[in-house]
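Structure first, then comments.
Residue numbers (the working numbering): 1042 to 1535.
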């Protein structure tokens, strides 16, 4: 296929040998562009970096032989002492074992439950979980040493108690990190440990250029490693507006790095009609360069309340996806679920345990509670938005029917349609897509209250469609945003 003017501009920029960014909108052929760049740089040694093994393996079949296609983890694994990586095979420390080894004692703290503070016992096992999470958080940062800030505690703990817990547990965080790197310590490690160990060695990657895909989702650790590569040209490619993992600590390299940039604005996935919907959200995010649809693709917008023929339904939350799954199964549909089904199942099992009077430790959202009644009291507080939909789901359907539904999911290849969260849909595409009604925004007196995070999520969701996009549930939002934007444009023109 003949390269577009935008792709040629990216190739010309790459030939200059300096690091730069390729701002690639949804479906705009970024992989093809990177392949064209690598072909032009045939005499140089290249490295393509992806976030997961499946993408790296797929890239290996597309890129020329002068480009090594890897994940950050596989790169690190080759350069870290085998005595450390061998610990991957060892059993992991359970919270109970860690609590025993570190001789942790119960702590009495105050937490907000409903509208008042109540005393609560922080068990040794729960403390061990906080220690493990702190090590994981440290591993994803560019920090050289663990710090008390890596111990994250819920906002609804009393501030004084939260500070005390951090101070008491921080020495164990330091010890856990030391133990993780000690070949003699007989406890397993996660992949993040050897990646962090490699990053702390200030590695220089022996290549001429690096192609870093999905750069908007990089964490501080990955970004820090790449910024050290002064000998190699680094080409960051991604879509600043598809950053939807900020809550996991992602750093948007496409916005933060002060580098020259080129753009890929023409989508090969859908036509102008879908692009127009996506541009409503992009404009609200402050983007001045519009996404262009492909004129030769006859996509259309469906506004019907019920989309009878569809390939995918995209929700915001796991709870909504689960509710739709149960509804589809009741109607005899063969439904595939592309949500965090493992997390859903663990939540349902934990809810079942709490209802029967047992404590749970392996589900963070519920491990602070002694009973299901306490969960309900917590749901009265403003901080409960993360679990309230799941609690409502359990109350409405019961734990056993939910377990049965999760076990009745059809394989994607044989399903009538897929139910997915927008987060899980990123990077995927379907012919006919329906957007659900659980996205978070408010419309009052002709004004929209919506966060940048939600706008980015809606941009991702709507750009998954190739031929038909159903936005029935988004009509009030889209109409009000368009009216606001038109009003601002008129005021600016005056």
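Glycine is no exception: its CB is placed at the ideal position from the N, C-alpha and C atoms.
Next item on the list: Determine the closest residue to residue 1518 out of 1432, 1462, 1318 and 1463, with distance taken between C-alpha atoms.
Entry: Taking the first residue of the chain shown as 1, we reach residue 1518 at position 477. It is 1318 whose Cα lies nearest to the Cα of residue 1518.
### Message
For residue 1229 and residue 1207, what's the separation of their Cα atoms in angstroms?
### Response
Against the chain shown, residue 1229 aligns to sequence position 188. Against the chain shown, residue 1207 aligns to sequence position 166. About 25 Å.
Q.
Assuming the contact rule is C-beta atoms closer than 8 Å, residue 1006 and residue 1210 should be a hit. Round their C-beta distance to whole Å, please.
A. This structure cannot speak to residue 1006, because the chain is shown only from 1042 to 1535.
Quick one: complete alpha helix (DSSP H) runs, 4+ long, within the segment 1065-1133? Qualifying alpha helix (DSSP H) stretches, in chain order: 1071-1081, 1094-1101, 1113-1118 and 1123-1126.
* Asked: If you draw a straight line from the C-alpha of residue 1109 to the C-alpha of residue 1043, how long is it?
  -> Position 68 of the chain shown, counted from the first residue, corresponds to residue 1109. Position 2 of the chain shown, counted from the first residue, corresponds to residue 1043. Distance from the CA of residue 1109 to the CA of residue 1043, rounded to the nearest whole angstrom, comes to 25 Å.
Cutoff 6 Å; reference residue 1343; Cβ partners in own chain excluding five residues on either side
One-based indexing of the chain shown puts residue 1343 at position 302. Counting only Cβ-Cβ distances below 6 Å, and skipping sequence neighbours, we find 1509 and 1511.
**Request:** May I have the straight-line CA-CA distance separating residue 1515 from residue 1325, to the nearest angstrom?
**Result:** Numbered from 1 along the chain shown, position 474 holds the residue referred to as residue 1515. Numbered from 1 along the chain shown, position 284 holds the residue referred to as residue 1325. Note on geometry: alpha-carbon atoms of residue 1515 and residue 1325 lie some 15 Å from one another.
Note down, in chain order, each residue of its chain lying with its Cβ closer than 6 Å to the Cβ of residue 1358, except the 5 sequence neighbours on either side. Working through the chain shown from its first residue, we reach residue 1358 at position 317. Once the five neighbours on either side are set aside, the close Cβ partners of residue 1358 are 1430 and 1479.
Fully enclosed by the segment 1306-1382, which beta strand (DSSP E) runs are 3 residues long or longer?
-> For the segment 1306-1382, whole beta strand (DSSP E) runs of length 3 or above, ordered along the chain, are 1341-1343, 1353-1356 and 1376-1379.
May I have the straight-line CA-CA distance separating residue 1132 from residue 1050, to the nearest angstrom?
As a first step, residue 1132 must be located in the chain shown, where it is residue number 91. As a first step, residue 1050 must be located in the chain shown, where it is residue number 9. The alpha-carbon atoms of residue 1132 and residue 1050 are separated by roughly 51 Å.
Problem - Supposed contact pair residue 1305 and residue 1069 - C-beta distance, whole angstroms, cut 8 Å - result: One-based indexing of the chain shown puts residue 1069 at position 28. One-based indexing of the chain shown puts residue 1305 at position 264. About 4 Å; that satisfies the 8 Å criterion.
Quick one: any contact between the segment 1375-1389 and the segment 1438-1454, if contact means 3 or more CB pairs under 8 Å? Short answer: they touch.
Tell me which same chain residues have a C-beta within less than 7 Å of the C-beta of residue 1273, skipping the five on either side of it?
Along the chain shown, one-based indexing puts residue 1273 at 232. If we look at residue 1273 and ignore the five residues flanking it on each side, its Cβ neighbours are 1246, 1248, 1249, 1250 and 1251.
Nearest-angstrom beta carbon gap, residue 1460 and residue 1376 [assumed within contact, 8 Å]: Position 335 of the chain shown, counted from the first residue, corresponds to residue 1376. Position 419 of the chain shown, counted from the first residue, corresponds to residue 1460. Cβ atoms of residue 1376 and residue 1460 come within 8 Å of each other, at about 6 Å.
field: Cut-off 7 Å between Cβ atoms - residues of its own chain near residue 1333, not counting five sequence neighbours on either side
entry: Position 292 of the chain shown holds residue 1333. Correct list, in chain order: 1306, 1307, 1308 and 1316.
Please determine if the segment 1046-1066 and the segment 1261-1275 are in contact, where contact requires at least 3 C-beta pairs separated by less than 8 Å.
Yes: at least three Cβ pairs fall under 8 Å.
Practice item. Would you kindly check if the distance between the Cβ of residue 1089 and the Cβ of residue 1057 is under 9 Å? Key: Position 16 of the chain shown holds residue 1057. Position 48 of the chain shown holds residue 1089. Contact: no.
Requested in this report: Using a threshold of 9 Å, state whether the C-beta atoms of residue 1428 and residue 1395 are closer than that.
Outcome: Mapped onto the chain shown, residue 1428 falls at position 387. Mapped onto the chain shown, residue 1395 falls at position 354. Not in contact: residue 1428 and residue 1395 (Cβ atoms no closer than 9 Å).
- [ ] Could you spell out where the alpha helix (DSSP H) holding residue 1472 opens and where it closes?
- [x] The sequence position of residue 1472 within the chain shown is 431, counting from 1. Counting along the chain, residue 1472 falls outside any alpha helix (DSSP H), though it belongs to the beta strand (DSSP E) covering 1471-1476.
Given residue 1498 as reference, the closest of 1331, 1390, 1401 and 1281 once Cα atoms are compared: Locating residue 1498 in the chain shown gives position 457, where the first residue counts as 1. Distance check between residue 1498 and each of 1331, 1390, 1401 and 1281 places 1281 closest, using alpha-carbon atoms only.
Tell me the residue span of the alpha helix (DSSP H) that contains residue 1266. Here residue 1266 refers to the residue found at position 225 of the chain shown. For residue 1266, the enclosing alpha helix (DSSP H) has its first and last residue at 1261-1268.
Which whole-angstrom value is the C-beta distance of residue 1284 and residue 1243, which I expect to be below 8 Å? Counting from one through the chain shown, the residue named residue 1284 turns up at place 243. Counting from one through the chain shown, the residue named residue 1243 turns up at place 202. The pair is not a contact, with the Cβ atoms about 27 Å apart (cut-off 8 Å).
From residue 1193 to residue 1267, what distance separates their C-alpha atoms? Along the chain shown, read from residue 1 onward, the residue named residue 1193 stands at position 152. Along the chain shown, read from residue 1 onward, the residue named residue 1267 stands at position 226. Straight-line Cα distance between these residues: approximately 27 Å.
Considering only C-alpha positions, which residue in the set 1188, 1466 and 1534 is nearest to residue 1355? Mapped onto the chain shown, residue 1355 falls at position 314. Residue 1466 holds the alpha-carbon nearest to the alpha-carbon of residue 1355 among 1188, 1466 and 1534.
Distance CB(residue 1143)-CB(residue 1181) smaller than 9 Å: As a first step, residue 1143 must be located in the chain shown, where it is residue number 102. As a first step, residue 1181 must be located in the chain shown, where it is residue number 140. Using a Cβ distance threshold of 9 Å, residue 1143 and residue 1181 do not count as a contacting pair.
Exercise. Decide if residue 1187 is buried, meaning its Cβ has at least 16 other Cβ atoms within 10 Å, or exposed.
Key: Here residue 1187 is taken as the residue at index 146 of the chain shown, counted from 1. Answer is buried; the Cβ neighbour count reaches 16.
Could you pull out every residue in the same chain whose Cβ sits closer than 7 Å to the Cβ of residue 1167, ignoring the five residues on either side in sequence? The count along the chain shown starts at 1 and reaches residue 1167 at position 126. 1402 and 1408, listed in sequence order.
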